[in-house]
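**Student:** Counting with the numbering used here, you get residues 13 to 224 for the letters of the sequence shown. Using N, Cα and C, we set each Cβ at its ideal position, and we do this for glycine too. I have a structure here, written as structure tokens, and I will follow up with some questions on it.
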Amino acid sequence: MRPLSPKISNIFALKSSRILRVLLTEAGRDWVEREIAEAASTSRGMAHYVCKTLTGMGYLARNEHNRMVLTDPLRLLKRWAAYHQYDAMNEFLDYHTFEREVDETLKKIAKSDSPYAATTLAGAWLVSPHVRPSDLHFYIPNKETMEEIFQDLDLRPTPRGGNVKLVLPYDEGVFYGSREVMGVKVVSNIQLYVDLYNYPARGEEAASKILD
């Protein structure tokens with residue numbers, strides 16, 4: 013077996029980004045590599061090499077207790093967000109709801125026991141309402157969940173241009189740090205920011221409000 017590279021060539025790649033998400037979501041915390049690996053559901057080796065790379069880039073340092081802390085989380089977050097391409101990285105399933113008001117659809121999904129997490133403008137509307145969404149995006153873990161939410165929201169499938177999009181994520185790590193806001197499950201502010209940053213229709217504007 014070939015040994016792992018001593019550094020990670022792309023810290024924003026799928027497995028590496030799990031570690032970034034954990035560190036940024038709990039940016040005020042200090043860590044050892046084992047804790048990072050467990051929280052991010054990655055191997056100890058992956059955690060070691062990502063941390064080594066982040067240290068070399070000036071994003072991670074050791075404190076007086078020899079535990080690792082982020083030194084400039086905002087700069088790291090913005091760099092990741094600039095790289096992240098939400099539209100290109102995920103698979104989208106388009107549906108139509110006949111509800112006229114966004115808030116009515118959100119009330120419906122709040123009653124659902126299915127696993128999901130609102131993101132992009134839907135998530136931002138709940139966390140920091142600034143840009144009213146014209147469609148609602150929800151991460152779901154698999155296509156079995158799609159059927160459940162399809163029924164819970166009384167949706168109609170459409171080939172494209174739906175006003176509800178169920179999103180099969182590029183990695184299950186997107187659910188890390190999800191929480192309830194007004195009864196609706198929403199991704200963490202870190203995931204919300206990176207999803208919004210390059211998103212069209214005022215995504216960057218909405219992202220900036222997440223950090224306010």
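Given this structure, state the Cα-to-Cα distance separating Gly70 from Pro85, to the nearest angstrom.
**Tutor:** Numbered from its first residue, the sequence shown carries residue 70 at position 58. Numbered from its first residue, the sequence shown carries residue 85 at position 73. One C-alpha to the other measures close to 11 angstroms.
**Student:** Quick one: what's got a C-beta closer than 7 angstroms to Pro145's C-beta in the same chain, skipping five residues either side?
**Tutor:** Looking up residue 145 in the sequence shown gives position 133. Closer than 7 angstroms at Cβ, skipping near neighbours: Val114, Leu133, Ala134 and Trp137.
**Student:** On a CA-only basis, which of Glu47, Asn102 and Ala73 is nearest Glu184? Give me that one, please.
**Tutor:** As a first step, residue 184 is located in the sequence shown; it is residue number 172 there, counting from the start. For the residues Glu47, Asn102 and Ala73, the minimum Cα distance to Glu184 belongs to Asn102.
**Student:** Is the separation between the beta-carbon of His108 and that of Ala130 shorter than 8 angstroms?
**Tutor:** Position 96 of the sequence shown, counted from the start, is the residue given in the question as residue 108. Position 118 of the sequence shown, counted from the start, is the residue given in the question as residue 130. Going by C-beta atoms, His108 is not nearer than 8 angstroms to Ala130.
**Student:** Relative to the C-alpha of Thr37, which candidate in Arg74, Thr54, Leu82 and Pro153 has its C-alpha closest?
**Tutor:** Position 25 of the sequence shown, counted from the first residue, corresponds to residue 37. Measuring from the Cα of Thr37, the nearest candidate turns out to be Leu82.
**Student:** Take Leu89 and list the residues in its own chain whose beta-carbon comes closer than 7 angstroms to its own, dropping the five residues that flank it on each side.
**Tutor:** In the sequence shown, residue 89 corresponds to position 77, counting from 1. Once the five neighbours on either side are set aside, the close Cβ partners of Leu89 are Leu36, Ile202 and Tyr205.
**Student:** Can you grab the Cα-Cα spacing for the pair His142 / Thr67, in whole Å?
**Tutor:** Here residue 142 refers to the residue found at position 130 when the sequence shown is read from its first residue. Here residue 67 refers to the residue found at position 55 when the sequence shown is read from its first residue. Computed Cα separation, rounded: 36 angstroms.
**Student:** Note down, one range per segment and in chain order, each beta strand (DSSP E) of at least 3 residues found wholly within the stretch 172-217.
**Tutor:** Correct list: 176-180, 191-193 and 196-198.
**Student:** Cβ atoms of Ala51 and Ala34: under 8 angstroms apart, would you say?
**Tutor:** If you number the sequence shown from 1, residue 34 lands on position 22. If you number the sequence shown from 1, residue 51 lands on position 39. Sequence check: residue 34 is Val here, not Ala. For Val34 and Ala51, yes; Cβs fall inside 8 angstroms.
**Student:** I need the DSSP call for Glu47, collapsed to helix, strand or coil.
**Tutor:** The sequence position of residue 47 within the sequence shown is 35, counting from 1. Helix.
**Student:** Check whether the Cβ atoms of Asp164 and Ser190 sit closer than 8 angstroms, and answer yes or no.
**Tutor:** By one-based count along the sequence shown, residue 164 stands at place 152. By one-based count along the sequence shown, residue 190 stands at place 178. For Asp164 and Ser190, no; Cβs fall outside 8 angstroms.
**Student:** Which whole-angstrom value is the C-beta distance of Ile48 and Ile31, which I expect to be below 8 angstroms?
**Tutor:** For the purposes of this step, residue 48 is identified with residue 36 of the sequence shown, where counting begins at 1. For the purposes of this step, residue 31 is identified with residue 19 of the sequence shown, where counting begins at 1. About 6 angstroms separates the two Cβ atoms, so the contact holds.
**Student:** To the nearest angstrom, how far is the alpha carbon of Lys177 from that of Pro171?
**Tutor:** Residue numbering aside, residue 177 sits at position 165 when the sequence shown is read from its first letter. Residue numbering aside, residue 171 sits at position 159 when the sequence shown is read from its first letter. Roughly 11 angstroms separates the two Cα atoms.
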